[in-house]
Amino acid sequence: MWGEARTRILLWYLLLMVISSVASVLAVRQILLSRLEERVEQSLYQEVEEFRQLRNGRNPETGQPFGNDIKAIFDVFLSRNVPEDNEYLLAIVDGQFYKASSLALPVALRPDSSLMQQWEALTLPEQDGETTLSGTVLYLAEPITAAGEVRGMFVVTHMISRDRAEVTESVLIITQVSLVVLAIASALAWLAAGKVLAPLRLLSQTARSITESNLTERIPLDRSAGDIAELTRTFNDMLDRIEGTFNSQRQLLNDVGHELRTPITIIRGHLELMGTTPQEQQETLDIVIDELDRMSRFIDELMLLAKAERPDFLFPEPIDLTAFTEELYAKITALGDRRWQLEAVGDGQIVGDRQRLTEAIVNLAQNATQHTRIGDTIALGSSRHRHQVNLWVRDSGEGIDLADQTRIFQRFVRGKSRYTRSDGSGLGLAIVQAIVQAHGGTIQLASQPDQGATFTLVLPLKPLPEPHL
64 MWGEARTRIL
74 LWYLLLMVIS
84 SVASVLAVRQ
94 ILLSRLEERV
104 EQSLYQEVEE
114 FRQLRNGRNP
124 ETGQPFGNDI
134 KAIFDVFLSR
144 NVPEDNEYLL
154 AIVDGQFYKA
164 SSLALPVALR
174 PDSSLMQQWE
184 ALTLPEQDGE
194 TTLSGTVLYL
204 AEPITAAGEV
214 RGMFVVTHMI
224 SRDRAEVTES
234 VLIITQVSLV
244 VLAIASALAW
254 LAAGKVLAPL
264 RLLSQTARSI
274 TESNLTERIP
284 LDRSAGDIAE
294 LTRTFNDMLD
304 RIEGTFNSQR
314 QLLNDVGHEL
324 RTPITIIRGH
334 LELMGTTPQE
344 QQETLDIVID
354 ELDRMSRFID
364 ELMLLAKAER
374 PDFLFPEPID
384 LTAFTEELYA
394 KITALGDRRW
404 QLEAVGDGQI
414 VGDRQRLTEA
424 IVNLAQNATQ
434 HTRIGDTIAL
444 GSSRHRHQVN
454 LWVRDSGEGI
464 DLADQTRIFQ
474 RFVRGKSRYT
484 RSDGSGLGLA
494 IVQAIVQAHG
504 GTIQLASQPD
514 QGATFTLVLP
524 LKPLPEPHL
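Just add 63 to the spot in the sequence shown (first one is 1) and you have our numbering.
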């Protein structure tokens with residue numbers, strides 16, 4: 064058995080895989096540890112630099128220079144800076160521990176520790192590391208002088224042992240995964256080693272040409288090759304699934320970027336324009352809270368948005384059409400410097416998902432700003448009829464070409480604009496259509512080139528849910 068070529072090929076394959084896996088794991092561990100130490104060192108220097116800027120500046124609470132008030136410098140800095148995980152900021156005044164960024168200090172950093180006594184005696188800058196019972200401590204000490212003498216010491220510390228433990232845990236997981244991959248690869252190699260070398264050479268060449276950025280290539284299928292053909296078919300199927308997964312990930316990232324950009328703009332716009340009266344501030348606060356809730360819900364339900372046919376895609380509730388229209392208008396006016404109009408406001412109640420409908424209207428308004436210029440009109444309106452409710456967004460911009468109107472609602476199709484360059488994912492109108500269809504409605508487009516465009520959401524009236532007694 065040991066003399067068979069099939070076994071020898073497998074043994075050589077296993078040897079190479081083991082060597083490469085071990086080398087890869089060791090290299091990954093070294094790289095992770097090196098980057099960890101670089102990141103920690105940069106963090107220490109950043110904290111010291113921020114402390115220097117505060118020390119050389121003015122007290123933000125009084126507007127006056129700090130002078131020789133060392134404790135005031137520490138009080139302001141520690142109250143305004145939040146250290147990273149496993150990072151501790153220590154203040155020493157006149158050779159005695161004064162204050163720390165955390166009340167729960169590790170044993171090695173407590174006021175009665177030998178390391179603290181060492182820092183209390185320092186008069187010069189120092190950067191070093193110490194191994195203690197609590198773990199390895201990296202630190203950077205910065206002296207503070209007043210009237211020509213050292214009055215204090217600012218010490219930034221980092222308990223790097225905890226971070227190293229996380230790296231070790233990650234390397235262990237990588238090792239376990241490598242063992243699983245090695246076992247699977249060995250089984251495939253055993254099957255492949257029993258076949259003639261020519262098909263295997265072709266298989267190897269094609270497999271090596273496939274990378275993360277090039278997943279379109281497939282191995283030619285020779286149906287007369289028996290087990291090789293089956294292996295080739297399985298390998299191609301796996302590549303199909305991998306390619307589909309990568310495409311889904313790219314679409315997911317585009318969805319996130321497109322959907323989160325708009326609510327962030329709304330929040331920032333309203334905060335910048337927030338009035339001074341309690342009523343205006345409360346109105347702005349309500350809008351900001353609503354947008355934050357919508358962002359959180361979007362992240363939680365992003366995958367559901369791709370499956371709009373599912374029954375739990377919507378959370379319908381009774382909505383007052385008048386108040387809802389005015390609320391939408393208040394939100395979209397922060398999207399850009401346009402001539403905003405509230406054309407019509409319907410009355411009565413409708414049943415729908417408030418958050419999803421808000422997403423749809425805000426998407427349409429954002430789309431309108433991209434196809435208009437400063438001073439152009441963008442109008443919002445609503446109306447309630449016997450069997451349906453209409454919500455529309457109209458603009459006086461460049462309009463949509465007739466050739467594009469038949470495909471504008473497809474995913475990743477971006478409308479052409481002479482005014483702005485869209486960097487969105489091309490999912491906005493597709494998402495709007497999915498939301499409307501989930502409500503059992505339709506979306507209508509009326510547009511002519513250079514005459515603007517009107518998008519109308521036509522939603523059927525549904526009976527109100529029975530009240531819970």
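Virtual Cβ for every residue (Gly too), placed ideally from N, Cα, C. Keep in mind the model is a prediction, meaning the values are calculated, not measured.
Exposed or buried, which one is residue i when buried takes at least 16 other CB atoms within 10 Å?
i, result
"Ile329", "buried"
"Val170", "exposed"
"Glu205", "buried"
"Gly320", "exposed"
"Met301", "exposed"
"Tyr202", "buried"
"Leu327", "The displayed chain sequence assigns Ile, not Leu, to residue 327. Per the 10 Å Cβ criterion, exposed."
"Glu354", "buried"
"Val85", "exposed"
"Ser97", "exposed"
"Gly120", "exposed"
"Ser359", "exposed"
"Leu79", "exposed"
"Phe217", "buried"
"Val200", "buried"
"Arg357", "buried"
Among the options, which has the Cα closest to the Cα of residue i?
i, options, result
"Asp138", "Ser164, Glu150 and Asn149", "Ser164"
"Glu390", "Arg357, Asp356, Ile350 and Leu355", "Ile350"
"Arg118", "Glu110, Val414 and Phe129", "Phe129"
"Leu398", "Thr432, Ile382, Leu384 and Val408", "Thr432"
"Thr220", "Asn430, Glu104, Glu112 and Ser510", "Glu104"
"Phe298", "Val85, Leu316 and Ile247", "Ile247"
"Ile437", "Leu454, Trp403 and Leu420", "Trp403"
"Phe518", "Gln451, Ala386, Asn430 and His450", "Asn430"
"Ala95", "Asp464, Ile237, Asp356 and Gly192", "Checking the sequence shown, residue 95 turns out to be Leu, not Ala. Among Asp464, Ile237, Asp356 and Gly192, the Cα nearest to that of Leu95 is on Ile237."
"Glu212", "Leu185, Gly198 and Glu189", "Leu185"
How about residue i and residue j: are their beta carbons less than 9 Å apart?
i, j, result
"Asp439", "Arg401", "yes"
"Arg457", "Glu406", "yes"
"Glu422", "Ile352", "no"
"Val495", "Leu524", "no"
"Leu178", "Tyr151", "no"
"Gly503", "Leu522", "yes"
"Glu501", "Leu508", "For the record, residue 501 in the displayed sequence is Ala; it is not Glu. In this structure, Leu508 does not lie closer than 9 Å to Ala501 by Cβ."
"Phe114", "Ile136", "yes"
"Leu454", "Thr388", "yes"
Leaving out five residues before and five after residue i in sequence, what residues of the same chain have Cβ atoms less than 7 Å from its Cβ?
i, result
"Ala210", "Asn131"
"Thr194", "none"
"Leu77", "Ser249"
"Gln451", "Val521, Leu522, Pro523 and Leu524"
"Leu187", "Pro206"
"Lys162", "Phe137, Leu141 and Ala154"
Enumerate in chain order the residues of its own chain whose CB-to-CB distance from residue i is below 8 Å, with the five nearest sequence positions on each side excluded.
i, result
"Asp513", "Glu461 and Gly462"
"Leu99", "Ile223, Asp226, Arg227 and Val230"
"Gln473", "Ala493"
"Arg214", "Asn131, Ile133, Val156, Asp157, Ile207 and Thr208"
"Gln468", "Leu508 and Ser510"
Take residue i and list the residues in its own chain whose beta-carbon comes closer than 6 Å to its own, dropping the five residues that flank it on each side.
i, result
"Tyr392", "Leu405 and Leu443"
"Ala550", "What is shown of the chain runs 64 to 532, which leaves residue 550 out entirely."
"Thr347", "His333 and Met337"
"Gln180", "none"
"Leu420", "none"
To the nearest angstrom, how far is the alpha carbon of residue i from that of residue j?
i, j, result
"Leu141", "Phe309", "45 Å"
"Thr279", "Ser272", "10 Å"
"Val111", "Gln93", "27 Å"
"Thr325", "Ser510", "24 Å"
"Ala250", "Trp75", "14 Å"
"His333", "Gln418", "18 Å"
"Leu608", "Ser233", "Summary: the structure shown does not reach residue 608, with the chain confined to residues 64 through 532, and so no result is reported for it."
"Ser241", "Glu101", "27 Å"
"Leu168", "Gln345", "40 Å"
"Leu336", "Arg143", "26 Å"
"Pro341", "Arg331", "19 Å"
"Gly411", "Glu306", "49 Å"
"Ala466", "Leu316", "28 Å"
"Leu382", "Val414", "Looking at the sequence provided, one finds Ile at residue 382 rather than Leu. Distance between the alpha carbons of Ile382 and Val414: 6 Å."
"His448", "Asp148", "58 Å"
"Gln159", "Leu153", "11 Å"
"Thr339", "Thr505", "42 Å"
"Asp416", "Phe378", "5 Å"
"Leu89", "Gln190", "28 Å"
"Val425", "Pro374", "23 Å"
"Leu73", "Asp303", "27 Å"
For the ligand NAD, is there a heavy atom less than 8 Å away from the beta-carbon of residue i?
i, result
"Pro169", "In the structure on display, the ligand NAD does not appear, and there are no ligands present to speak of."
Mind checking if residue i is an interface residue toward chain B, Cβ cutoff 9 Å exclusive?
i, result
"Arg401", "In the structure shown, chain B cannot be found, because there is only a single protein chain."
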